[in-house]
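Here the structure is laid out as structure tokens; the discussion comes afterwards.
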Amino acid sequence: MLGVCYYPEHWPESWWADDARRMRDLGLRTVRIGEFAWSRIEPEPGRIEIDWLRRAVDTLGAAGLEVVLSTPTATPPKWLMDAHPEIAPVDEDGTVRGFGSRRHYTFSSSVFASEAARIAEVVARSLGRHPAVVGWQIDNEYGCHNTALSYGDTDLRAYREWLRRRYQSTEQMNEAWGNAFWSMELRHFNEAALPVRAVTETNPAARLDYWRFSSDQIVAFNRMQADIIRAHSPGRFVTHNFMGLFLDFDHFACGADLDLATWDSYPIGFTERFPFSEEERNAYAMTGHPDMAPFHHDLYRAVGRGRWWVMEQQAGPVNWAPWNPVPRPGQIRLFTWEAIAHGAERVMYFRWRQAPFGQEQMHSGLNLPDNSGLSPGGSEAAEVARELDAIGPLPAPTLAPVALVIDYEASWITRIQPQGATFNYGELAYRWYEAARRLGLDIDIVPPGHDLSAYRLVLAPSLPYVSEVALNAFKKTTAEIVFGPRSGSKTRHFSIPENLPPGPLAELIPFRVVEVASLRPGLTEEVKGRISGQVRRWREHIACEKEFAEAAFADGMPAMIRSGRFSYLAGWAEIDLISAVLVAAAERARVATTSLPASLRLRRRGNLKFAFNYGSEPVELTFPPDAAVLGSSTVPPSGVTIWRED
Ligand code: GAL
């Protein structure tokens, strides 16, 4: 179940065989290579040098390793950029983001698309049927370094084409966008402008469409490469390595063209970047926040429709966060087991050996940069490999009782018009997830419109645009459903629904949102009633019949309303309030909850139950002594316990 990311082009060829042998000895089975190697595969236009890569695959294969090959399109070489400067992406201010690092292309460049197709075909044709090759990674981390959206002339041309296809006539587009406002009406599609660099805020419907367009461009680029690989490499899977904390394009749409999803897990770095309190950040500096990796495991399991890997697992300190601590001893092992508990098919460490040169020389790997031996993370990987061997085959992952709806457009809509500086969709969804996990619940993340009939409890932290498909999925299940603030507050074309928010959801719970208030930092609203707690950042003023109000704000207006199995929470709830809402909903749904210590998490995989301790004190569990599979009922800091529950 374990593997590693390797860069043969970084090391003398005379080291490869020894590296491969040591990978096997360590207990690794799979190796990903090639994702940044374009300048070595094609040093000059049209001069293909693929033999070195073939020898690398041969060497790894001869040692009994499976190879995941990548297309090198994240790093177009200098000669290509010089020949076609329009490939480079452009930022919101109009600055061209040129050669010198990576991801220096826009998805809308047709020149780049055909160059990418060409190089993908070269690699797939040459090595696609090699017996050691089991699968493909397309490109590397779409959107990384803020590259999902680009704002140059190339993008504008493609955007106008996209608009033409979507709206057919400018009348329809003017109508959809509400262009009567501020004299924005357009006569031709060629008058459509980039929704940036205007005097002030541009039309939100246009901005939402620009986001959808940009997302579609990524999906199309990915599909184009997937088709090429499948034509030349039959029987191998096709995947992409997605990122953490990243909502800039529709990953579900992209995942639909892949055989499985993978993601790059750097929980300690992400914890530095997420808007946690300083207190939380310090508490989890060396471990990462307890839900950081799990949230993404559950998300990418959904993106891969059940099949997923960790393609890059943090194996020690990273180099890119504001602060980069050494993980606490045991933590790399914990991360590995936690991914497996959530159903990962493989966990691939990043990277085999720390590179003593280049941008990432301060980024650790499984081996020290002088090749004198394993890093501490490398020793922990070896430990997991031994444990996996001893335990033998694991049961298949099972569905969770709880589904959490994640919507990429929700993130775009609330970033386009936040209405309150601290309304951050990603943060809101994460906090709901955290609250549920602190109650010991296993969670499946699902896209809106996903069939919900297998779930008992469904959480939608915020779903501003509720499509007909999404509405039907809510209606069809018998699950208890909790909606969060701003759900149903926008139409598909970014306007307020005719019947006021919650728009189509009023069919499920009869109420209307009359006004909304964003709350400055420091302002708190108390909520009291069947459940109680605090709201910050955001609250809504709701009109509804008294019988539906479960809890109210201090001024008497409803804070939580419920009609049968549908509830709506009219504010940004703090974790205790979310928790109270979830406990009540879980009880109605007959899903058992337990209140866990803040830094302990549980997860079931088949009949195995896993416990992970992110805290600095040991935690005591209770289970029959002969049920232990790994560890014991005392879980030490950064420890893992697995036991059987029959
Ligand atoms: C990932 C990326 C890798 C490497 C790594 C460092 O985002 O895919 O190439 O840069 O981060 O943590």
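Residue numbers 565 to 1210, in our numbering, belong to the letters of the sequence shown in order. All C-beta atoms in this analysis are idealised placements derived from N, C-alpha and C, irrespective of residue type, glycine included.
With 16 other Cβ atoms within 10 Å as the buried cut-off, status of residue i
| i | result |
| --- | --- |
| residue 745 | exposed |
| residue 640 | buried |
| residue 962 | exposed |
| residue 983 | exposed |
| residue 679 | buried |
| residue 658 | exposed |
| residue 764 | exposed |
| residue 1123 | buried |
| residue 638 | buried |
| residue 623 | buried |
| residue 1078 | exposed |
| residue 695 | exposed |
| residue 1109 | exposed |
| residue 1145 | buried |
| residue 1032 | exposed |
| residue 1155 | buried |
| residue 985 | exposed |
| residue 813 | buried |
| residue 660 | exposed |
| residue 898 | buried |
| residue 1125 | buried |
| residue 772 | buried |
| residue 1087 | exposed |
Cβ-heavy atom distance, residue i to the ligand GAL, below 6 Å
| i | result |
| --- | --- |
| residue 646 | no |
| residue 836 | no |
| residue 760 | no |
| residue 931 | no |
| residue 882 | yes |
| residue 786 | no |
| residue 573 | no |
| residue 710 | no |
| residue 812 | no |
| residue 703 | no |
| residue 828 | yes |
Where residue i falls: helix, strand or coil (DSSP)
| i | result |
| --- | --- |
| residue 916 | coil |
| residue 1207 | strand |
| residue 1008 | strand |
| residue 782 | helix |
| residue 792 | helix |
| residue 1063 | coil |
| residue 738 | helix |
| residue 983 | coil |
| residue 575 | coil |
| residue 1078 | strand |
| residue 722 | helix |
| residue 1157 | coil |
| residue 892 | coil |
| residue 828 | strand |
| residue 1084 | coil |
| residue 885 | coil |
| residue 763 | coil |
| residue 612 | coil |
| residue 1090 | strand |
| residue 813 | coil |
| residue 1106 | strand |
Residues that DSSP places opposite residue i in a beta bridge
| i | result |
| --- | --- |
| residue 1124 | 1115 and 1133 |
| residue 569 | 596 |
| residue 1192 | 1207 |
| residue 605 | Its beta-bridge partners do not exist; DSSP assigns none. |
| residue 1184 | 1198 |
| residue 805 | 826 |
| residue 510 | Residue coverage of the chain in this structure runs from 565 to 1210, which leaves residue 510 outside it and unanswerable. |
| residue 878 | 914 |
| residue 873 | 826 |
Beta carbon proximity, residue i to chain D, threshold 7 Å
| i | result |
| --- | --- |
| residue 1041 | The structure shown contains no chain D, having only a single protein chain. |
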